[in-house]
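Numbering (this note's numbering), first residue to last: 66 to 348.
In this text, a Cβ means the ideal position worked out from N, Cα and C, and glycines have one as well.
One structure is given below, encoded as structure tokens.
Structural data, given as structure tokens:
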């Protein structure tokens, strides 16, 4: 074969390869919408909602017999079912939860997260699904009877929580710990005089302590609680809001309230979800 013939054959082969590449690129451009349709909420895994939560904060979020449960987590499972999604829970610390949602480690954060303007700089919030109170736990026999008695005392709080915010803005010098078990241990060991808690968690902790810890006070906190999602994921936030309204309307929200907070009264002006649907009766 002459050099000129070889050159012409190589050129023709290259042209054919280029044409196939262009065809392949053209076919690939139509695959993107199909991918979006299969994963409309930009989840890490299509069909699975990966949720960051805590293991030690009953009755809100906790681990029982190897299963993540509690009011918040059971509610999220019910909401996800309305969207045709399964939930995969992963335990973490509250102090890092919002950052992990922001960076995409989790699709959603579920941990009785209070809505604040400061937190809105990190994540976006769904519509609120719960209200809450600040609680105050002390060791048995303590002279502390209320929030006004905390000046000059060693007060434990879980780092990054609304309780941490309250202690700081109230001029206290809080002992910051990573989780609820650590806060409880501060009371039991005598290294803290009091623990500012989410009231329901504080009351249950005191009840489970065999009288060693006492819940002495609580007060309503502003804002309400919601699930946290990444700021750029409007599709997921809007879908969760829609599912939340559905579980409010069908009685699931009321049933879980009775299950996890028996006897707790819902404030008359609290409207879960969008506030546009009537709260269905518990089934």
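Practice task
Determine the DSSP secondary structure at residue 127, reduced to helix, strand or coil.
Solution key: Start at 1 with the first residue of the chain shown, and residue 127 comes out as number 62. Shown here, residue 127 sits in a strand according to DSSP, grouped into three states.
Handout entry: Within 7 Å, strictly: CB atoms of residue 119 and residue 176
Key = Position 54 of the chain shown, counted from the first residue, corresponds to residue 119. Position 111 of the chain shown, counted from the first residue, corresponds to residue 176. With respect to residue 176, residue 119 sits close: the two C-beta atoms are nearer than 7 Å.
Handout entry: C-alpha distance - residue 204 paired with residue 107, whole-angstrom precision
Key = What you label residue 204 is simply residue 139 of the chain shown in a count that begins at 1. What you label residue 107 is simply residue 42 of the chain shown in a count that begins at 1. As the crow flies, the alpha-carbon of residue 204 is around 47 Å from that of residue 107.
Practice task
Return the chain-ordered list of same chain residues with a C-beta closer than 6 Å to the C-beta of residue 209, the five sequence neighbours on each side being excluded.
Solution key: Position 144 of the chain shown, counted from the first residue, corresponds to residue 209. Taken in chain order, the residues that qualify are 203 and 259.
Practice task
Could you tell me if residue 283 is buried or exposed, where buried requires 16 or more neighbouring beta carbons within 10 angstroms of its beta carbon?
Solution key: Against the chain shown, residue 283 aligns to sequence position 218. Result: buried.
Problem - Nonlocal neighbours in the same chain, by C-beta distance under 8 Å from residue 328, ignoring five residues either side - result: The sequence position of residue 328 within the chain shown is 263, counting from 1. Excluding positions up to five away in sequence, the list is empty.
Practice task
Rank 255, 326, 306 and 292 by C-alpha distance to the C-alpha of residue 163 and give the top, closest one.
Solution key: Sequence index remark: in the chain shown, residue 163 carries index 98 (1-based). Here the closest residue by C-alpha is 292.
Practice task
Kindly confirm or deny that the region 264 to 283 and the region 191 to 202 touch, where touching means at least three C-beta pairs closer than 8 Å.
Solution key: yes
Practice task
Determine the DSSP secondary structure at residue 153, reduced to helix, strand or coil.
Solution key: Along the chain shown, one-based indexing puts residue 153 at 88. Strand.
Practice task
Return yes when the Cβ of residue 337 is within less than 7 Å of the Cβ of residue 194, no when it is not.
Solution key: To locate residue 194, count along the chain shown from 1; it is residue 129. To locate residue 337, count along the chain shown from 1; it is residue 272. Their beta carbons are under 7 Å apart, which means residue 194 touches residue 337 by this criterion.
Exercise for the section: Measure the Cβ-Cβ separation of residue 141 and residue 152 and say whether it is below 7 Å. Expected result: By 1-based counting over the chain shown, the position of residue 141 is 76. By 1-based counting over the chain shown, the position of residue 152 is 87. Contact: yes.
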